[in-house]
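In what follows, a structure is listed as structure tokens, so that the remarks can point back to it.
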Amino acid sequence: MNKNMLKIDWLILPLFGIAIVIGLWAISSATWANELPSPAKTWEKSKEYVLDPFAKRGEMDQGILRFTWHSLVLVAKGYALALLIGTPLGFFLGLSKTFTKTFDPIIQILRPVSPLAWLPLGLVLFLSAGKQASELGALFTIAVCAMWPTVLNTAVGVRAIPQDYLNVARVLKLSRTKTLVKVLLPAALPYMFTGFRLSLGIAWLVIVAAEMLTGRPGVGGFLWQEYNALIYEHIILCIITIGVVGFILDRGMSLLERRFKTA
Amino acid sequence: MAFLELRAVSKSYATDGKRTEVLRDINLEIDRGEFVAIVGYSGAGKTTLISLIAGLLQADSGRITLNDLDIVEPGPDRGIVFQTYSLLPWLTVYENVYLAVDQVFPNWSPAKKQQHTEKYIALVNLSPAREKKPAQLSGGMRQRVGIARALAMDPQILLLDEPLSALDALTRATLQDEIGRIWEKDRKTVVMITNDVDEGILLADRIIPLSAGPGATLGPELVVDIPRPRDRTAINHNERFKAIRREITDYLLDSRGRQRVTVSKKLQLPDLEPEDLWAPRSRAELRGGPVRRATMRRETVEI
Numbered sequence: 002m003n004k005n006m007l008k009i010d011w012l013i014l015p016l017f018g019i020a021i022v023i024g025l026w027a028i029s030s031a032t033w034a035n036e037l038p039s040p041a042k043t044w045e046k047s048k049e050y051v052l053d054p055f056a057k058r059g060e061m062d063q064g065i066l067r068f069t070w071h072s073l074v075l076v077a078k079g080y081a082l083a084l085l086i087g088t089p090l091g092f093f094l095g096l097s098k099t100f101t102k103t104f105d106p107i108i109q110i111l112r113p114v115s116p117l118a119w120l121p122l123g124l125v126l127f128l129s130a131g132k133q134a135s136e137l138g139a140l141f142t143i144a145v146c147a148m149w150p151t152v153l154n155t156a157v158g159v160r161a162i163p164q165d166y167l168n169v170a171r172v173l174k175l176s177r178t179k180t181l182v183k184v185l186l187p188a189a190l191p192y193m194f195t196g197f198r199l200s201l202g203i204a205w206l207v208i209v210a211a212e213m214l215t216g217r218p219g220v221g222g223f224l225w226q227e228y229n230a231l232i233y234e235h236i237i238l239c240i241i242t243i244g245v246v247g248f249i250l251d252r253g254m255s256l257l258e259r260r261f262k263t264a
Numbered sequence: 069m070a071f072l073e074l075r076a077v078s079k080s081y082a083t084d085g086k087r088t089e090v091l092r093d094i095n096l097e098i099d100r101g102e103f104v105a106i107v108g109y110s111g112a113g114k115t116t117l118i119s120l121i122a123g124l125l126q127a128d129s130g131r132i133t134l135n136d137l138d139i140v141e142p143g144p145d146r147g148i149v150f151q152t153y154s155l156l157p158w159l160t161v162y163e164n165v166y167l168a169v170d171q172v173f174p175n176w177s178p179a180k181k182q183q184h185t186e187k188y189i190a191l192v193n194l195s196p197a198r199e200k201k202p203a204q205l206s207g208g209m210r211q212r213v214g215i216a217r218a219l220a221m222d223p224q225i226l227l228l229d230e231p232l233s234a235l236d237a238l239t240r241a242t243l244q245d246e247i248g249r250i251w252e253k254d255r256k257t258v259v260m261i262t263n264d265v266d267e268g269i270l271l272a273d274r275i276i277p278l279s280a281g282p283g284a285t286l287g288p289e290l291v292v293d294i295p296r297p298r299d300r301t302a303i304n305h306n307e308r309f310k311a312i313r314r315e316i317t318d319y320l321l322d323s324r325g326r327q328r329v330t331v332s333k334k335l336q337l338p339d340l341e342p343e344d345l346w347a348p349r350s351r352a353e354l355r356g357g358p359v360r361r362a363t364m365r366r367e368t369v370e371i
């Protein structure tokens with residue numbers, strides 16, 4: 002009985018919700034939205050991309066998972082860069098009041114800038130890189146946009162470390178590095194992971210925009226190309242793929258987050 | 069010279085530009101191997117006092133010396149057991165104690181460090197829980213870890229900052245007995261801060277009241293000349309115990325009685341009178357409306 006209830010909770014109800022949305026989509030395409038392909042037609046046109054997900058027929062004509070893979074690789078690089086810069090920056094902000102006073106305003110100004118605004122700057126910055134320019138520009142954009150949640154959450158986490166733990170470090174006369182590794186880092190880790198998770202979400206958002214503008218092979222690039230080629234079914238395929246991948250990334254991060262939960 | 073000495077120590081805090089004197093003219097001498105209890109009200113400045121001895125805070129004036137050396141910073145020669153346990157929640161019981169051992173005895177071999185750590189975990193009867201995290205332990209067990217950690221550093225003096233005040237009465241009694249047992253074993257110098265007079269008398273050689281704050285200071289000390297080992301049930305009928313308890317309690321109650329608080333505030337009475345045209349007024353008051361004699365009352369209340 003109880004087990005059945007649980008199954009309803011995590012399987013039947015979500016499936017029901019998805020069915021409702023697909024139903025609305027079907028009705029819309031049949032009535033007011035003439036250009037919107039119906040679910041059946043979308044599946045018909047997308048079949049070859051989904052059933053043979055790793056095929057490579059041409060630079061911009063690949064299986065959907067192969068495209069996803071291209072995007073994920075780029076996201077991974079940009080995300081790693083964001084964490085590498087963001088974590089130490091967050092630590093400095095959390096530890097030093099002067100540092101906070103100096104840099105917090107500029108961070109608050111840069112934080113809300115859209116990826117669409119950063120990308121052209123990224124491309125200009127790496128203009129001399131030639132063929133690599135679009136990749137470096139995209140990396141720059143991902144790193145700059147995805148970094149902020151990590152920076153701010155790390156700073157909050159460091160500031161929220163209880164005085165008790167710092168007192169322990171002082172009484173034991175732990176060295177600076179040892180205090181960092183044994184006390185500050187583990188104490189701030191739960192906050193940092195929240196930042197990491199939000200950053201990953203943003204990195205995934207940015208990649209689509211970056212690929213659209215640079216025309217790189219990937220889910221976003223494919224979406225834009227198919228829009229220009231008037232194959233609207235593939236736009237929906239891309240949207241669903243982007244959503245599912247984002248969902249999986251977020252779930253993966255929260256599993257990790259739970260594993261590293263310290264307090 | 070006494071082992072630990074406090075000479076005319078004062079400490080005040082500044083909040084919002086207002087200075088509050090917490091401790092005033094504290095004088096204390098403690099000999100090696102003595103167990104001294106300091107009792108006082110919550111918020112009287114007990115934790116401030118122990119933080120000064122630990123070196124976590126600096127006194128505004130006066131001198132604190134341990135072994136004739138000025139205390140300027142915290143260090144492992146003064147083992148401290150915090151009221152809030154202060155265990156690192158991401159480390160196990162063993163790792164929490166080992167961190168201290170590793171830090172204080174860096175030259176020992178890993179095997180010796182491990183053996184030393186195990187010994188102190190066994191001393192507080194926690195060997196079965198050595199791989200557990202603090203969150204999995206009860207309050208009493210956490211505080212045992214705190215005590216094991218402080219003792220494992222082999223400090224010259226042990227500072228106990230209300231170590232048992234967060235525990236329930238039964239656990240508290242068990243741990244009191246355990247602190248007594250451990251102290252009998254190696255007779256370390258101990259300063260214990262507590263808000264429980266009975267606890268102080270049960271464990272200490274000397275008991276000193278700290279008067280109610282602000283500006284708390286130490287009262288006349290009392291030597292607890294009740295022979296050890298002291299039994300917690302038998303001691304309740306001991307005449308000497310009753311006398312000490314009465315004296316300490318009376319002093320503490322008196323010290324609070326002397327602290328009178330006066331509150332003075334402006335009363336806003338209802339408008340019954342016509343406006344007082346002769347009253348001097350400032351520009352601010354002109355904007356605030358008519359001034360009546362009734363609104364200018366002040367009342368002082370003594371609590």
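Chains as they are written, first to last, in my numbering: chain H, 2 to 264; chain G, 69 to 371. C-beta atoms are modelled at their ideal positions from N, C-alpha and C, and glycine is treated no differently.
CB-CB length for residue i against residue j, believed under 8 Å
| i | j | result |
| --- | --- | --- |
| Pro202(G) | Val213(G) | 7 Å |
| Val161(G) | Tyr188(G) | Actually they do not touch by this definition, with Cβ atoms about 11 Å apart. |
Where residue i falls, given that 16 or more other Cβ within 10 Å makes a residue buried
| i | result |
| --- | --- |
| Val291(G) | exposed |
| Gln151(G) | buried |
| Lys374(G) | This structure does not reach residue 374(G), given that chain G is present from 69 up to 371, and the question cannot be answered. |
| Glu212(H) | buried |
| Trp158(G) | buried |
| Trp11(H) | exposed |
| Leu16(H) | exposed |
| Val22(H) | exposed |
| Glu230(G) | buried |
| Ile225(G) | buried |
| Ala122(G) | buried |
7 Å Cβ shell around residue i - same chain, five flanking residues per side excluded
| i | result |
| --- | --- |
| Thr116(G) | Lys79, Val90, Leu91, Leu125 |
| Val76(H) | Ile143, Ala204, Trp205, Ile208 |
| Gly281(G) | Val90, Gly111, Ala112, Gly113 |
| Leu82(H) | Leu140, Ala144 |
Closest by C-alpha distance to residue i, when choosing among the options
| i | options | result |
| --- | --- | --- |
| Lys114(G) | Asp264(G), Val140(G), Leu205(G), Leu270(G) | Asp264(G) |
| Cys146(H) | Glu45(H), Gly87(H), Asp53(H) | Gly87(H) |
| Leu124(H) | Ile19(H), Gln109(H), Thr142(H), Ala56(H) | Thr142(H) |
| Thr195(H) | Val184(H), Leu173(H), Met254(H) | Met254(H) |
| Thr155(H) | Leu167(H), Asp165(H), Leu186(H) | Leu186(H) |
| Ser129(G) | Lys181(G), Ala76(G), Tyr109(G) | Ala76(G) |
| Lys253(G) | Leu286(G), Pro157(G), Val192(G) | Val192(G) |
| Pro106(H) | Trp149(H), Leu117(H), Ala134(H) | Trp149(H) |
| Leu257(H) | Leu201(H), Val74(H), Pro15(H), Glu36(H) | Leu201(H) |
| Thr69(H) | Val51(H), Leu82(H), Ile19(H) | Val51(H) |
| Ile303(G) | Asp170(G), Ile269(G), Arg146(G), Ala218(G) | Ile269(G) |
| Ile65(H) | Arg260(H), Arg160(H), Phe248(H), Ile243(H) | Ile243(H) |
| Arg58(H) | Ile241(H), Pro218(H), Ile237(H) | Pro218(H) |
| Ile261(G) | Ile118(G), Glu73(G), Gly85(G) | Ile118(G) |
| Pro40(H) | Ala189(H), Asp53(H), Leu25(H), Leu120(H) | Leu25(H) |
| Val107(G) | Arg131(G), Trp346(G), Leu320(G) | Leu320(G) |
Cβ shell of residue i (< 8 Å), same chain only, five flanking positions each side left out
| i | result |
| --- | --- |
| Ala70(G) | Glu97, Ile98, Asp99 |
| Met2(H) | Low confidence applies to Met2(H): its pLDDT is 49, below 50, so where it sits in the model is not reliable, and the reading given next is rough at best. Closer than 8 Å at Cβ, skipping near neighbours: no residue. |
| Leu129(H) | Reading the sequence as shown, one finds Ser at residue 129(H) and not Leu. Excluding positions up to five away in sequence, the list is empty. |
| Val169(H) | Val184 |
Start-to-end residues for the beta strand (DSSP E) that takes in residue i
| i | result |
| --- | --- |
| Ala234(G) | Premise fails: Ala234(G) is in no beta strand (DSSP E) and is neither H nor E. |
| Lys57(H) | 57–59 |
| Thr42(G) | What the structure shows of chain G is the stretch from 69 to 371, and residue 42(G) is not part of that stretch, so it cannot be assessed. |
| Ile98(G) | 86–98 |
| Glu227(H) | It is not in any beta strand (DSSP E) - Glu227(H) instead sits in the alpha helix (DSSP H) that spans 220–229. |
| Pro277(G) | 274–278 |
| Phe103(G) | 103–108 |
| Tyr153(G) | Note, Tyr153(G): premise wrong, no beta strand (DSSP E); not H, not E. |
| Asp222(G) | No beta strand (DSSP E) holds Asp222(G); DSSP gives it neither H nor E. |
| Arg160(H) | No beta strand (DSSP E) holds Arg160(H); the alpha helix (DSSP H) holding it covers 134–160. |
| Ala76(G) | 72–83 |
N- and C-terminal bounds of the alpha helix (DSSP H) containing residue i
| i | result |
| --- | --- |
| Glu163(G) | 161–172 |
| Thr195(H) | 186–215 |
| Lys187(G) | 178–191 |
| Lys98(H) | 98–111 |
| Thr257(G) | It is not in any alpha helix (DSSP H) - Thr257(G) instead sits in the beta strand (DSSP E) that spans 257–262. |
Close-in-space but distant-in-sequence residues of the same chain around residue i (CB under 6 Å, 5 per side omitted)
| i | result |
| --- | --- |
| Ala264(H) | Confidence is the limiting factor: at Ala264(H) the pLDDT is only 46, short of 50, which leaves the residue's position unreliable and the question unanswerable from this model. |
| His235(H) | Glu227 |
| Val172(H) | none |
| Lys8(H) | none |
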